[in-house]
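Residues 499 to 620 in my numbering are what the sequence shown lists, from first letter to last. We put the beta carbon where it would ideally sit given N, CA and C, even for glycine. In what follows, a single structure is set out as structure tokens and then discussed.
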Amino acid sequence: MATYTAAQMHNSGTLGEELSGAKTFTVLNVTASNKNFPIGYLTLEGNSTANQNLTSTTQLTGSFGSFNGNVTQSLIVSSSTHWAIPIGRGNGSGSFQFTPTQTIAANSYYIKSTGNFSLVIS
Numbered sequence: 499m500a501t502y503t504a505a506q507m508h509n510s511g512t513l514g515e516e517l518s519g520a521k522t523f524t525v526l527n528v529t530a531s532n533k534n535f536p537i538g539y540l541t542l543e544g545n546s547t548a549n550q551n552l553t554s555t556t557q558l559t560g561s562f563g564s565f566n567g568n569v570t571q572s573l574i575v576s577s578s579t580h581w582a583i584p585i586g587r588g589n590g591s592g593s594f595q596f597t598p599t600q601t602i603a604a605n606s607y608y609i610k611s612t613g614n615f616s617l618v619i620s
């Protein structure tokens, strides 16, 4: 289980942990900015062309499910090398599951965000 702060995920983001099997992504401490919707985005980026801090491109394919709280499936944007999900205003937290098609190695992708929330992957 790993926790990532808003500060770690902003700008270039932070390298992510190994992902294998179903992982629950929980966003915490969500605060709305000027009552706008959504308040931010959570992105996993494995494209070395888009993020030159990566030495090679990583596939980030898989399935999503078990959405609750202030995250919804309908607005996910994804490709083979990245995905992004908007984090809406809500009760202060939300979660979803991501099950990668194949194991994603640690430090092979970046976790990035806009907005004021932390992330727990368990």
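Cα separation between Asn614 and Ser510? 16 Å
With 16 other Cβ atoms within 10 Å as the buried cut-off, status of Thr501: Residue environment for Thr501: exposed (fewer than 16 other C-beta atoms within 10 angstroms of its C-beta).
Close Cβ partners of Ala603 (< 8 Å) along its chain, the five nearest in sequence each way excluded: If we look at Ala603 and ignore the five residues flanking it on each side, its Cβ neighbours are Glu516, Thr556.
Using CA coordinates, which residue listed in Thr601, Ile609, Val618 is at the minimum distance from Gly519? Thr601
Anticipated Cβ contact below 8 Å, Ile619 with Met499, distance rounded: 7 Å
Whole angstroms is fine: what's the gap from Thr597's alpha carbon to Gly560's? 5 Å
Could you tell me the distance, in whole angstroms, from the CA atom of Ser541 to the CA atom of Thr612? The sequence shown places Thr at residue 541, not Ser. The alpha-carbon separation between Thr541 and Thr612 amounts to approximately 9 Å.
What residue range does the alpha helix (DSSP H) around Ala505 cover? Where Ala505 is concerned, the enclosing alpha helix (DSSP H) stretches over 504–507.
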